[in-house]
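Residue numbers (the numbering used here), protein chains in the order written: chain A, 1 to 241; chain B, 1001 to 1509.
Every residue, glycine too, gets a C-beta built ideally from N, C-alpha and C.
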C-alpha cells in the first residue's frame, strides 16, 4: 500500500467515524443507536488495520481484530440490551410501589425536542476540534496527521451527547463515542499505545459499560422503567445539598 | 501507626534487600496479588469466617509489604523494579502503599460486620473490597502511566457496586453519577496520556514510563506535551475530588457503606492524587511546571471554597464528612502547588493523617447510623452520654479532622502555611486560613450538637440487630488510627524517609 493510498483510506475511515457521530447526535430517541455505533467501531478497527499496514506493524493487526470485535460487535450490542428486564420476571407491578413514586412513564418522543441545535452544535464542535488539534498535527508525521482532528471531534461530540443525554442509554452512547474519539486520537497520533496498556484499556471500557448497564437496569427498577432507552435521568434528583 | 507497627519487621526485611535482589520484587507481587488472592478465596471458599476477615487480611498484607518496601527504598536505597519495568516502587510508591495499607486496615477492621458476612451479599462485598485494594496497589506501584490509568479506572469499576450496595434510589443514583463522571474524567486523563505519548514519539523515543521520562528528559514539543500533561492532571484530579470536578464525590461517599466511604475518602483520593503528583513532576522536568502548578493552586483553593460553603449548610453527617474530604484534598493540592520541601513533606504527612482520621470517623459515622437510624445531623443529640462507645471515638475522630492539637493535621496545616509564606504565596495562605476557619466553625458546630449535651429521650423500642452489633464493634482500630494520627507527625525518625519521598517529587529547598 503506497502512502497515498494509506492516506486516502485513513481519511475515508475517519470521515465515516465523524459521520456516524453526527448521526448519533441527530438520532431521535426512538431509533436504535446500535447500527451507527457498530459502523463507527468497525471504521476504527479498519483505521487500525490501515495504520498497521502503512507502518509495517503486525501487532496492530491483532489490535485491529480486538477493536473490531469489542467496539464493532460487543459494545454496541451491550448498549441496546436491557439485562434485568430481559432476564427477570418483568418489572414489579405499579401497585406494589409506594404512593410517593412520581408518574414515570413518559412518551417515547420526548417533548418534540428539535435536533437542529444539537446538529449545529456538533458542527461547531468539529471546528473547535480542528483548531485544538493543530499543534498535535504538527508533531505527527506520516499519513495519519491530517485525519487527527476527527479524534478530537469525536471526543467533543461524545461529551456533548453525555451532557445532554436524558436517558441512561443516550449517556452510554455518549460515553462510547467519547471513548472511540480517544482511541481514534491514540491510533492516529501515536500508532497505538503499548499493547499491554491497550488490552487493559479495552478491558476497562468493557467493564465500565457492563457496570453502567447493570446500574441502568437498577435505576429502571428503582425509579420505574419507562420509555425505550431507559429511565429519564432527570428524575435522579434524590441527592442534593 | 504504620511505621510504628511495622518498624521491626521492616528493619528485618530491609536487611533482606541487601542480601538479595529477590525480596523486593517478591514483596511488590505479594502486595499486588495478596488482595486479589483474598478475593479469590472468598469466591471459592464462601465460608463465613473467610468472608468476614478476607478484606482485613488483604489490608494487613498491603500494610506489611508497603512498610517493608518503604524501609528498603527510602534513605538512599535503590527502587525496586519488576515485571520488565512496568512496576516500580520508589519512595513515593512505598509511602503511598503504607498509606493504602494503614487506612484500609482501619476501615476494614473497624468495619468488621458479622451481620454483613452472614448476609447473602456479604461475599460480594468482601470480594469487591479486596479487588478495590488490589487496583489501588497497582495504581501506586505501576511505573508505566498507562498501567496507572488502567488501575485508576479499575478502582472506579470495583467501587461502583460498593457505592450502590445499600440499594434503593439514592444509592443507585449515586453509583450511576459516580461511574459516569469518574469514567469520563479519567477518560480525559487518558487523552492527555495519549498526547504525551505522541509528543515523546515525535521526540524519537515513544514511552509512557514515568522514570524514563524523568531521567531521559526527551525534548518534547512543548505545546503538545503541555496539553497532554494538563489534561492528564485534570483527569486524575477528577478522581482525587478536586473542585470543580468534585460533583460525584459527596453523593458516592455519602451513599456507600461506611467502611467503603472510609476507604474512598481516606485513601482512594490519595492514590489518585499520587498520579497527579507524578504528572506534576513530569511537567516540572519536561516543561517549566507552571501549567500544572496553576491548575493545582486554583483547583485547591476552589475545593476549599466549595467545602467551606457546603460544610456550613450541611444537614447530613456523611455528606459533611465527604465535603471535609474535598477540603483536605484542596489543602493537599495547594501544598503540592507551593512545592517547596516543607510544603511537600507536610502534604505527604497530611495525606496519611487525614486518611487515618477520615477512615476512623466514617467507621464511627456508620455506627451512628446503625444506632440512631439516621445520619441527619439535626436528629442526633448527645451521643457521648447516650452511647459513649460511639460518641467519644466519633468526637475524637472529628476533632482530629478539624485539626485541633494534638492532631497531626494541626502541624501539617501550620507547616503548609509557613511554607506558603516562605515561597511568596501569602495571598493564597490568607484565603486558606479564612476558609479553614469557616470549615472549622461549620463542622465543629454540627459535631458538638451531635455529641455533647443531653441525649434525645430514648424510644422504648428494642434495639435493632445492627445497633447491637455497632455498640459491641471493636474500638481498637479506631483508637490505634487516631493515636497514630496524633503521634505520626511528631515522629522525628520518619524525617529521613519523608525526605527521600519528597526528593522523588522534586521539592526545591
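Taking the C-beta atoms as reference points, residue 60(A) is found no nearer than 7 Å to residue 150(A). For residue 1247(B), the closest of 1031(B), 1174(B) and 1087(B) by C-alpha to C-alpha distance is 1174(B). Listed in chain order, the alpha helix (DSSP H) elements of length 4 or more contained wholly in the region 1378 to 1450 of chain B are 1383 to 1386, 1388 to 1402 and 1408 to 1422. DSSP places residue 1352(B) in the helix class (H, G or I) of the three-state scheme. With a cutoff of 7 Å on beta-carbon distance, residue 1355(B) and residue 1444(B) are scored as not near each other.
Closest in alpha carbon position to residue 1350(B), among 1456(B), 1334(B), 1154(B) and 1171(B), is 1334(B). With contacts defined by Cβ atoms closer than 7 Å, residue 21(A) and residue 177(A) form a contacting pair. Neighbourhood of residue 1157(B) in chain A, by CB distance below 9 Å: 204, 207, 208, 210 and 211, in chain order.
Residue 1082(B) is bridged by DSSP to 1087(B).
If one requires a minimum length of 4 residues, the alpha helix (DSSP H) runs lying completely within the region 1034 to 1118 of chain B are 1048 to 1073, 1091 to 1110 and 1114 to 1118, in chain order.
For residue 127(A), the closest alpha carbon among the candidates 148(A), 141(A), 172(A) and 71(A) is that of 148(A).
Here the C-alpha atom of residue 1332(B) lies approximately 19 Å from the C-alpha atom of residue 1397(B). Against chain B, the beta carbon of residue 200(A) has neighbours under 9 Å at 1146, 1147, 1149, 1150, 1151, 1153 and 1154, listed in chain order. The beta-carbon separation of residue 1319(B) and residue 1254(B), rounded to 5 Å, stays under the 8 Å limit for a contact.
If you look at residue 1300(B), you'll find it in the alpha helix (DSSP H) that goes 1290 to 1312. Under DSSP, the beta-bridge partners assigned to residue 167(A) are 232(A). If the five residues before and after residue 52(A) are omitted, its C-beta is found closer than 8 Å to the C-beta atoms of 58, 59, 60, 61, 63 and 64, all from its own chain and listed in chain order. At a beta-carbon threshold of 9 Å, none of the residues of chain B lie near residue 234(A); the nearest stands roughly 12 Å away. Residue 1376(B) carries a strand assignment under DSSP once its states are collapsed to helix, strand and coil. Assignment of beta-bridge partners to residue 1142(B) by DSSP yields 1087(B).
Residue 241(A) sits in coil when the DSSP states are folded into three classes, being neither helix nor strand. Beta-bridge annotation (DSSP): residue 1205(B) is not paired with any residue. Inclusion of residue 1188(B) and residue 1231(B) in the CB contact set at 7 Å is warranted, their separation being smaller than that value. Taking 7 Å as the cut-off, the Cβ atoms of residue 10(A) and residue 141(A) do not count as close. At a cut-off of 7 Å between beta carbons, residue 134(A) makes no contact with chain B. Rounded to the nearest whole angstrom, the C-alpha separation of residue 1182(B) and residue 1229(B) is 18 Å.
Counting only the Cα atoms, residue 40(A) lies some 42 Å from residue 1305(B). Look at the beta carbons and you see the region 1124 to 1131 of chain B not touching the region 1190 to 1206 of chain B: under three pairs across the two are nearer than 8 Å.
Looking at the DSSP output, residue 1316(B) shares a beta bridge with 1376(B).
Taking a 10 Å sphere around the C-beta of residue 1047(B), we find fewer than 16 other C-beta atoms and assign the residue as exposed.
Interface with chain B (7 Å Cβ-Cβ cutoff): residue 189(A) is included. For residue 1327(B), no CB of chain A lies under 7 Å from its own CB, so it is not counted at the interface with that chain.
The region 1139 to 1150 of chain B and the region 1072 to 1091 of chain B touch, with no fewer than 3 CB-CB distances between them shorter than 8 Å. At the C-beta level, residue 1295(B) and residue 1233(B) come within 7 Å of one another.
Proximity of the region 1054 to 1071 of chain B to the region 1146 to 1156 of chain B falls short of the contact definition, fewer than three beta-carbon pairs being nearer than 8 Å. Chain order gives the chain B residues near residue 222(A) as 1168, 1169 and 1172, where near means a beta carbon separation below 7 Å.
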